[in-house]
Structures are given as structure tokens and as C-alpha cells.
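The next block holds one structure in the form of C-alpha cells; read it before the comments.
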């Protein structure tokens, strides 16, 4: 009899999953992903993927590019460290859990904050391990002994320490400024968390009568153009360009605010485009960032007519309790009946939406925490100018180089950064 063969039976086809997984574990157990060389140090921090789900194609590209770099430097004998991690992704993860609750017919308010946070931690534990497994399947040679999560105690302590240091240096302050408010997420957003999309809308032309002595309306009027007629309830001025001869005689005069009965001034401001609409714009410092700036320059009050849920509040008088859409319809109806609606035109404009839930963002003034990006913390240097100089002087290179212009334009025109949020998670 012939003894059975002791040779390993090869599979009929190559199975990369089994082979790659076995080799990857061999590398990892042998410590090949830890800094070992005697050459120059070479360190990359992995942009931590959000724990909102699984990795996508962009993460795969990131892993491939970074892994190529770190493996090449290992081959050169450099002391290589690739630090992996995962991002708790406050607003993004909260939205994921809220959608999960919605499928059960619940909201986060139904279960309360404590239960919501615990449920989110359950999600995080599940997807952190899944993300690590996917990185491994991609062959990412990161040092998994140093894997960090952005809510790890050491990271939280570092963030708090940095916050306190910036505050003591006068680079963080609490102040009343115009913010991006998401009515659905119920939180302030940074400028980077707002996506702008073109929408077909209507441009409404409204008649504001000139007022004479004793508050008597005159036959003359000023026509303003707006896409948001419901906010006219909070108007505190009408602005025109000081070089616009059409309105030269009206600057400093008073107008009657339809439906409200309040008198508002005509103010000159260089920011007003003579080509937009009629060249006269309603100024609502409580609901538009540009109007807020005009209001600051002319010492105008900011009247907020929408609450945090995008519902008209007590400042809206008889329209209190109406949503933006219902309030707009009611205001337009009453303006038309009063002879204050001049005409309506089709109009395409850019609308800000929450990057996570796509709800229309409401600009409102609010007390928040801000990073002052323009204050000098060293002679002649602010956070924004230092960041721009690092690229201009070649200390940081942006690849491809054509994106340097985008970066520098951002740094040269950046506004103070809103860093406070009203989230339950994170």
C-alpha cells in the first residue's frame, strides 16, 4: 500500500484573503510596524476616520498612499511611526444614532441624554473594531499598539489643556457673533460644516414707504429685493451704496416698515452692490451675516424673529408660532393685500445647509466660544498669518501645488472660528 501524502493540498485558486491575513499578522506580532530603524525619524498621524460606519474608497486611497510612504522609509532604515486612530465625530455620529432611533419611531429626546450617550458608546465599540479590521485587510502597516480614540482620557485632557492655554493667551474668547445654526441638530456649526447648494427660488420686491414729519407716510417709497420676506419683520434699516445717485437724497431719511409699524433709517454702506435688485437692500442684523456686519458698522439693533427651531417667535407679532415656510406665505399675503409687494422674479442663489442633515442653516447671533485667528500672539503674527507664512516660506508644501492658492485664500480671508457646540455626543 502507498502511504498517504503528507504534502499540503493547494487550493484550486489563489486565496489572497487567507494569505494576506496570515502574513499581516506575522508582521504585526513581530513588531515590524513599530519604530525600529536607526535612521531619521519619520512620523505620520493617520487622519482618523469617523466612527459613523465603515471605511470608504477615500480611506482606501489614504491608506494606500500613506502605507507606500511609510514602507519606503522603513526600507531606507528610518525610524518610522504611523499612528492610527478613530474620530468620535460629534455631530456626524450623533446624526447616525438619531437616524437609527428614528427607524424605531424614537428621538433622542424620547430616551434622554444618558441613554443616548450609552447607545452611542455601544455603536462606537462595534465600529472601532470593524474599522481596525478593515485597515488590516488593506495592509495598513500602522503601529496598532498606539491606536487612539479622540475621546480617550489622554486626548480629552490634551484638548482641555490646549483650550485653557489659548484662553489664557487671549486667543479664545466668548462673544456674541453671527453663527450658523442648524435647527434640526440644534447646534452651532463652524463655517466648514456648512455646504452651499444652488437652489431655484423667488426674489421678492417690497415697497417701503418714505416717512415724513410726525410719522406720516409720503407718496415716495424705496423698493428692496429679498429672498427671505419673513425676516423683514426684524429689519432695522435699508442700506444703499453711498455712490448710488438714485438714493443720494434718501440717505438719512426714515422708511416705514410694512406690517410692523416701525420706522427704520436709510444708511450708506460700501458693501451694497448697486447691481443687485434695485440697489437697496433690507438690513436684518439678526438673520444675515452680511447684515450683521452692516449693523455693527452703523450701530443697528439685531432683532431675532426666529427661534432655535426655525419658528417665528414673539418678535414676529401675529406671525408667532409659524414655521419659516408658513410665515413666509402669511407675510407675503399681507404685504400683497397692503400694496407693499411690488413684484416677484425667479432667482437662483446659493443656500447654506448643514453638512450632516442637509437642513437649511439659520444665521443668528449667539453667545459662543471663538478662536481669535487674527489677534497677534507674537509680534506681527496671528494664528492665520502664521499658518499662511508656513506655506509661503516653504515650511509646509501642499501637493498638488495648485491648491496652495486655495489654502492661502482661505487663510487670508478666514473668520474667527466657532468652537462650541450644543451636542449630546462628544
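In the numbering used here, the protein residues as written are 28 to 453. No residue lacks a Cβ here, since even glycine has one placed at the ideal position from N, Cα and C.
Backbone CA spacing between residue i and residue j [nearest angstrom]
i: residue 144; j: residue 396; result: 23 Å
i: residue 104; j: residue 67; result: 8 Å
i: residue 390; j: residue 207; result: 5 Å
i: residue 329; j: residue 312; result: 5 Å
i: residue 218; j: residue 76; result: 21 Å
i: residue 49; j: residue 164; result: 11 Å
i: residue 237; j: residue 287; result: 15 Å
i: residue 101; j: residue 185; result: 30 Å
i: residue 114; j: residue 304; result: 45 Å
i: residue 253; j: residue 308; result: 7 Å
i: residue 258; j: residue 275; result: 26 Å
i: residue 310; j: residue 262; result: 5 Å
i: residue 160; j: residue 343; result: 54 Å
i: residue 345; j: residue 221; result: 32 Å
i: residue 386; j: residue 211; result: 7 Å
i: residue 271; j: residue 204; result: 30 Å
i: residue 336; j: residue 319; result: 20 Å
i: residue 91; j: residue 341; result: 56 Å
Check whether residue i and residue j have beta carbons under 8 Å apart
i: residue 73; j: residue 111; result: yes
i: residue 409; j: residue 401; result: yes
i: residue 306; j: residue 267; result: yes
i: residue 383; j: residue 118; result: yes
i: residue 339; j: residue 348; result: yes
i: residue 431; j: residue 446; result: no
i: residue 166; j: residue 106; result: no
i: residue 293; j: residue 251; result: no
i: residue 379; j: residue 388; result: yes
i: residue 435; j: residue 231; result: no
i: residue 109; j: residue 57; result: no
i: residue 93; j: residue 71; result: yes
i: residue 233; j: residue 381; result: no
i: residue 374; j: residue 228; result: yes
i: residue 443; j: residue 398; result: yes
i: residue 428; j: residue 214; result: no
i: residue 269; j: residue 315; result: no
i: residue 79; j: residue 129; result: no
i: residue 295; j: residue 235; result: no
i: residue 98; j: residue 171; result: no
i: residue 377; j: residue 224; result: yes
Boundaries of the beta strand (DSSP E) in which residue i is found, first to last residue
i: residue 200; result: 199-209
i: residue 410; result: Here residue 410 belongs to no beta strand (DSSP E); instead the alpha helix (DSSP H) covers 410-419.
i: residue 291; result: 289-295
i: residue 374; result: 368-381
i: residue 247; result: 244-253
The alpha helix (DSSP H) enclosing residue i, as first and last residue numbers
i: residue 127; result: 117-129
i: residue 361; result: 351-364
i: residue 318; result: 316-325
i: residue 156; result: 140-164
i: residue 187; result: 180-195
i: residue 43; result: 43-56
Collapsed DSSP secondary structure at residue i in the structure displayed
i: residue 444; result: strand
i: residue 278; result: coil
i: residue 102; result: helix
i: residue 225; result: strand
i: residue 87; result: helix
i: residue 463; result: Outside the displayed range of the chain (28 to 453) lies residue 463, so it cannot be described from this structure.
i: residue 64; result: coil
i: residue 387; result: strand
i: residue 214; result: strand
i: residue 271; result: coil
i: residue 428; result: helix
i: residue 340; result: coil
i: residue 303; result: coil
i: residue 437; result: helix
i: residue 108; result: strand
i: residue 237; result: strand
i: residue 114; result: strand
i: residue 283; result: strand
i: residue 346; result: helix
i: residue 491; result: The requested residue 491 does not occur in the structure, where the chain is confined to residues 28 to 453.
i: residue 97; result: helix
beta-carbon residue i near the ligand MN non-hydrogen atom, thresh 7 Å
i: residue 265; result: The ligand content of the structure shown is nil, which means the ligand MN is not present either.
Chain B within 8 Å of residue i, Cβ atoms only
i: residue 180; result: Among the chains in the structure shown there is no chain B, since it carries only a single protein chain.
Report task. Decide if the stretch 183-201 is in contact with the stretch 112-129; the criterion is three or more beta carbon pairs, one per stretch, under 8 Å apart. Result -> no
Query raised in the report: Three or more beta-carbon pairs under 8 Å between the stretch 176-183 and the stretch 421-435, yes or no?
Result: They do not touch, by the three-pair rule.
Report task. Count the C-beta pairs between the stretch 352-359 and the stretch 272-284 that are closer than 8 Å, then say yes if the count reaches three, no if not. Result -> no
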